[in-house]
Amino acid sequence: MLSSSELFYMFRRVWIMLRKYNISQDFLLFLPYMKITHFKNIESTNSYLQNLLDRGEEITDNIVVADFQTSGKGQGKNVWHSEEGKNLLFSIALDMSFLKAEDQFLLTQMVSVAVIDVLKIYLPEENLFIKWPNDIYFNDKKIAGVLIKNEIKGMMMGTSIVGVGLNVNQTAFDASLPNPISLKMITGKDYDIEKLLIEVTESLSHRVTKCQSHSHSQRQCQRQSSTANSYINHLYRYKQWAFYEHEGRLKEMMIIGYDRFGRLMLKEKNNREVICDLKEITFVIEEIL
Numbered sequence: 001m002l003s004s005s006e007l008f009y010m011f012r013r014v015w016i017m018l019r020k021y022n023i024s025q026d027f028l029l030f031l032p033y034m035k036i037t038h039f040k041n042i043e044s045t046n047s048y049l050q051n052l053l054d055r056g057e058e059i060t061d062n063i064v065v066a067d068f069q070t071s072g073k074g075q076g077k078n079v080w081h082s083e084e085g086k087n088l089l090f091s092i093a094l095d096m097s098f099l100k101a102e103d104q105f106l107l108t109q110m111v112s113v114a115v116i117d118v119l120k121i122y123l124p125e126e127n128l129f130i131k132w133p134n135d136i137y138f139n140d141k142k143i144a145g146v147l148i149k150n151e152i153k154g155m156m157m158g159t160s161i162v163g164v165g166l167n168v169n170q171t172a173f174d175a176s177l178p179n180p181i182s183l184k185m186i187t188g189k190d191y192d193i194e195k196l197l198i199e200v201t202e203s204l205s206h207r208v209t210k211c212q213s214h215s216h217s218q219r220q221c222q223r224q225s226s227t228a229n230s231y232i233n234h235l236y237r238y239k240q241w242a243f244y245e246h247e248g249r250l251k252e253m254m255i256i257g258y259d260r261f262g263r264l265m266l267k268e269k270n271n272r273e274v275i276c277d278l279k280e281i282t283f284v285i286e287e288i289l
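For the sequence shown, the numbering used here begins at 1 and goes up steadily by one.
As structure tokens, then:
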């Protein structure tokens with residue numbers, strides 16, 4: 001039972017969000033039960049939630065937001081560089097126990113498309129792409145990254161920690177980064193980071209809820225859902241010849257799709273098909289002709 005002060009805070013928070021942002025009624029019902037924790041400075045939002053989970057704490061629907069991360073996480077050993085207070089850096093814990101472990105790539109698709117859905121409000125959709133598996137690109141430049149850590153319980157998933165880094169108002173990046181870009185660099189405008197947080201979490205919550213309602217037919221959902229269609233339609237370099245580093249060599253190949261486990265499917269010039277897992281292939285962004 002919530003105390004009177006907790007109820008007051010909950011309804012006050014809903015009222016503020018309703019007045020400030022154009023939030024759907026369905027998401028408003030969900031919003032009060034989210035626990036949002038803000039840090040000015042933290043090692044990593046993903047690591048913070050993972051530590052809570054490792055201690056046995058309930059973290060579902062927890063959102064951790066930071067102005068700056070000292071050790072922001074990327075795929076593998078990669079790190080995420082960001083100027084303090086300029087970008088959207090957050091992690092959210094989701095209950096994915098309705099999804100089979102073998103279908104966990106569905107979550108990757110949902111998160112990637114959720115970010116695209118928000119960015120296309122501000123940018124031309126034809127310039128937005130998902131670089132496999134879950135980097136978000138504006139043309140050939142990276143505007144956002146996603147890191148997902150899935151808990152597996154037997155044949156099913158458990159809690160998933162989803163980290164999102166979106167370049168918003170930063171205009172100067174470390175020279176070591178190959179191809180960064182931000183919303184402000186594209187449009188010249190400043191953006192409300194809190195508003196973007198609400199929009200991305202609302203978009204993601206909508207897609208997860210929709211997937212959960214169809215979880216009895218996951219494989220059909222994977223093949224035919226709007227999320228899967230949007231993912232393939234925005235897939236970077238889909239059905240285009242481009243250069244990649246694969247098996248220690250530079251190859252010209254064409255992306256032809258992905259399998260149900262999320263592995264990238266490509267075709268070589270001799271029509272030989274190749275299936276690659278993460279870290280087995282490297283995109284060459286500046287093509288060598």
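Every residue gets a Cβ at the ideal spot worked out from N, C-alpha and C, and that includes glycine.
Fair warning: this is a prediction, and the values are worked out from it, not measured in the lab.
Please check the pair residue i and residue j, which I expect to be a contact at CB under 8 Å, by giving their CB distance rounded to whole angstroms.
| i | j | result |
| --- | --- | --- |
| L227 | Q50 | It should be pointed out that residue 227 corresponds to Thr in this sequence rather than to Leu. At roughly 25 Å, the Cβ-Cβ gap does not stay under 8 Å, so T227 and Q50 are not in contact. |
| Y238 | T282 | Between T282 and Y238 the Cβ distance is about 18 Å, and since that is not below 8 Å, they are no contact. |
| S91 | N41 | 15 Å between Cβ atoms; not a contact. |
| V168 | L204 | Rounded, the Cβ-Cβ distance is 17 Å, inconsistent with contact. |
| L147 | G163 | 4 Å |
In this structure, does DSSP put residue i in helix, strand or coil?
| i | result |
| --- | --- |
| N270 | coil |
| A242 | strand |
| D54 | helix |
| V168 | coil |
| V284 | coil |
| L264 | strand |
Using the Cα positions of residue i and residue j, report the straight-line distance between them to the nearest angstrom.
| i | j | result |
| --- | --- | --- |
| G154 | M185 | 45 Å |
| S160 | L183 | 27 Å |
| Q240 | I255 | 7 Å |
| D87 | L123 | The residue you asked about is not Asp; residue 87 is Asn in the sequence shown. Each residue's Cα considered, the two are about 17 Å apart. |
| M157 | D95 | 8 Å |
| E126 | F138 | 9 Å |
| I143 | T187 | 13 Å |
| I285 | D140 | 7 Å |
| H234 | K210 | 20 Å |
| A175 | S71 | 18 Å |
| E6 | A172 | Residue placement at E6 cannot be trusted, given a pLDDT of 47 that sits under 50; the coordinates are not used to answer. |
| E58 | E202 | 21 Å |
| P133 | L278 | 8 Å |
On a CA-only basis, which of the options is nearest residue i? Give me that one, please.
| i | options | result |
| --- | --- | --- |
| D103 | D117, N150, W241 | N150 |
| E84 | G262, V65, Y236, I152 | V65 |
| I232 | Y48, F105, H38, S71 | F105 |
| K267 | Y191, L278, H246 | H246 |
| I181 | I136, V146, L204, S225 | I136 |
| L166 | T209, S112, W132 | S112 |
| Q212 | E58, F39, Y48, K100 | K100 |
| task | Write down every uninterrupted run of the alpha helix (DSSP H) in the stretch 61 to 139 whose length is 4 residues or greater and which is fully enclosed by it, in chain order. | result | If we require 4 residues or more, the alpha helix (DSSP H) runs fully inside the stretch 61 to 139 come out as 105 to 122.
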